[in-house]
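Using my numbering, the first residue of the sequence shown is number 4, and each one after it goes up by one.
Quick reminder that beta carbons are idealized off the backbone N, C-alpha and C, glycines included.
Bear in mind the structure is a predicted one, so any value in this text is a computation, not a measurement.
Following: one structure in structure tokens, then a few remarks.
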Amino acid sequence: MHPRRSRRLAELGAGLLLLAACTGGEGSPSPSNAPSPRANAPGPSENDGKSGPAVGEPSGEWLERACTLAPELVKRVRRDVFPGRSPELIAVPEEPNYFGGFIGTSHSGPWDYVQEVPLVFYGPGHIRSQGRIAVGHEPTVTDLAPTLAELLGTDWPGDRPGRIVSDALQPGTAPPKLVVVVVWDGGGMNTLRAFPQAWPNLRRIMRSGTWVAATVGSSPSVTPAIHANIGTGAFPSQHGVVDIDIRSGDDTIDSFEDGSPEHLEIPTLADLYDVTTDNKAMVGMFGSNPWHYGMMSRGTFHSGGDKDIAALVAADGSKLIGHRRWYSFPPYLNEAGGFDEAIRATDLEDGQLDSLWLGNDVLSNTYDAKQTPALAIYTTEMIKSLLEREDFGRDDVTDLFFVNYKPIDLVGHRWNMLSPEGEGVLRQTDEELGELEAFLNGLVGRGNWVMALTADHGQTPTANATTAWPIDMAELMADIADRFGVPQKLFDRTRPGHFWLDVPTMKGAGITPEDIADFISDYRLEGNTSQSRPLVAKYAGRADERLFSGAWPSRFTDDVWTCVRSGAP
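Shown next, in the form of structure tokens:
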């Protein structure tokens, strides 16, 4: 343990406690290890993705409105379309409108403010020290994997859109002993710009290494899809993880249902690299959700792969869990405990042991404590334990480790990115970056490791800080059901901007996705009000504003892409 942290935790008294059992469990294994029919199918080589052939000719008011969208927005949406997985209907709110509440916001969309993220490479002796650079292509997080593949000397598939940031790499050097990939969940550029003094360690690393102003590249900008972008160097149109939820036959399921990576259609960097070492390379991950598996590997689901190490914080925060069918989970992590000590350290920041953080009573239970800096502290301590106990970086075979720092995102959802809580958790996450750097220097030695750091999305400010109307999804669904005289079971599942429809209900009512797209395209602000969300003074005179820039059946995404580039439907 790093001396500074060792002192900090030692002063808190009690030894590490065994964490209580959680209700989440490890998740039952998926019923089959057989690859999906598309697992080895060639993906689109064109950088923008393809939505597949449409049935019938598109027409209607929805198309006219969708054709007014900026091509950059449609390109990002198009990169997400995967036939058989994507929703039947896609909708893009008019910026800055978003799905959510006046405080609880979503971050799912194609707009620059949620798309822009840093892409940072750092490692003395391996990465050039030059600060920000420009590259000769559109930089996205898909560039991370091929750049690291080049560093490792691993062949990279030519059909993926990610590109090597070759100017970041110091030529003529041997591979490092350890590569660490860090994702600040929700730590996009607009989050960083909100509190420019809160991340001195990241700023130093950006200046001392090489970084590119990138985007996540596809929309929706949500955790599972973008972590898969990071891990595979491809977009959802190729890797298949289109959202938190995906279509699976007649059902809609979680993209990593029961912790299974089987819906990740193509291998990741770690999958491809590990087999070249005959699985001698150590590969590991620490995260907070199976959605993070996409940045690491498919474990034993990948042909020739082994059980890479993976530990996740349980949903209620009470312990760590794993999914042992595909991955290895070290039981000593729970024996060591640790979250209680991180919670105590956070509690004592104000000098009082009162379960309060910035005046919020959130440190009396592990679920709420995940939404505080305590989770960032705990994450670092568990990373250190894993790397040390499993001998990462101790031989001549380069090892890979992946980590998701989740609390920036969790705090943003609860209090918003612009809150004092948002600033506090950003500061702590940056402190953990410095702690991790010092630990790596001690573990494998300065000059023997490389870090790649990015984020999976930015965040959305509160409606009170902008002119946005927070779109009430429940009200929209009710209005659509009323308009067409059908029950709300018309919707199989919804996500911000994504609508999976109950096809039997839709067909029975004689309506089509095009009909619903017409309705959403012309949906007005006044229609989305209710007794609990009235048209307050701030929005006076805006009752007739359209809430959406466009909505269309996903099967016609290529047609929308064609028309936005030509300027005519």
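Collapsing the DSSP output to three states places Y526 in coil. When DSSP reads this structure, N363 sits in a beta bridge with W360. For Q173, the closest alpha carbon among the candidates F238, Y125, T194 is that of Y125.
With respect to the C-alpha of L351, the residue from V414, P376, D482 having the closest C-alpha is P376. Taking every protein chain shown into account, the CB of K283 has fewer than 16 other CB atoms within 10 angstroms, so this residue is exposed. Proximity of the region 196-207 to the region 428-446 meets the contact definition, three or more beta-carbon pairs being nearer than 8 Å. If you compare the alpha carbons of V215, G87, D162, G191 with that of G134, the shortest gap goes to V215. In the three-state scheme derived from DSSP, where H, G and I count as helix and E and B as strand, N419 is classed as coil. Sequence-distant Cβ neighbours of T157 in its own chain, meaning closer than 7 Å and more than five residues away, are L275, Y276, T279. Fewer than three beta-carbon pairs drawn from the region 68-79 and the region 529-539 are found closer than 8 Å, and the two stretches are therefore not classed as touching.
In this structure the region 221-232 touches the region 104-112; the number of beta carbon pairs closer than 8 Å is three or more. A554 carries a strand assignment under DSSP once its states are collapsed to helix, strand and coil. For F85, DSSP assigns no beta-bridge partner whatsoever. A straight line joining the alpha-carbon of L550 with that of W472 spans about 8 Å. In the DSSP assignment, W329 falls outside any beta strand (DSSP E) and carries neither an H nor an E.
Taken through DSSP and simplified to helix, strand or coil, T218 comes out as strand.
The continuous beta strand (DSSP E) containing V182 extends over residues 181-187. In this structure Q355 is exposed. Its beta-carbon is surrounded by fewer than 16 other beta-carbon atoms within 10 angstroms. Cβ-Cβ separation between G297 and V244: approximately 6 Å, consistent with a contact (criterion under 8 Å). Note that the C-beta distance between V567 and P74 is below 8 Å. Note on V144: 16 or more other CB atoms within 10 angstroms of its CB, so buried under the neighbour-count rule.
For S569, the uninterrupted alpha helix (DSSP H) run begins and ends at 560-569, by DSSP.
Your pair T150 and V168 checks out as a contact, with CB atoms roughly 5 Å apart and the cut at 8 Å.
Pairing P227 with F259 gives a Cβ-Cβ distance under 8 Å.
A contact between stretches requires three or more CB pairs, one per stretch, nearer than 8 Å, and the region 507-527 meets this requirement with the region 470-489. Closest option to R558, judged by alpha-carbon separation, among L72, W65, E64, P90: P90. P410 sits close to Q374, with the two beta carbons spaced by under 8 Å. A straight-line Cα-Cα distance of about 42 Å links Y408 and S569.
For the set G165, V186, T71, E478, the Cα lying nearest the Cα of T457 is the one of V186.
Between A317 and F332, the beta carbon gap of about 12 Å keeps them out of contact (Cβ cut-off 8 Å). The region 191-262 contains, as complete beta strand (DSSP E) runs of 3+ residues, the segments 213-218, 248-251, 254-257 (chain order). Note that the C-beta distance between L504 and D495 is below 8 Å. By a beta-carbon distance limit of 8 Å, A94 does not contact A466. Their separation comes to about 18 Å.
The alpha carbon of V453 has as its nearest neighbour, out of A152, G262, Y542, P99, the alpha carbon of A152.
Straight across, the Cα-Cα distance linking G262 with K541 is about 44 Å.
When C-alpha distances from N100 are compared across R545, T194, W418, H305, the shortest belongs to R545.
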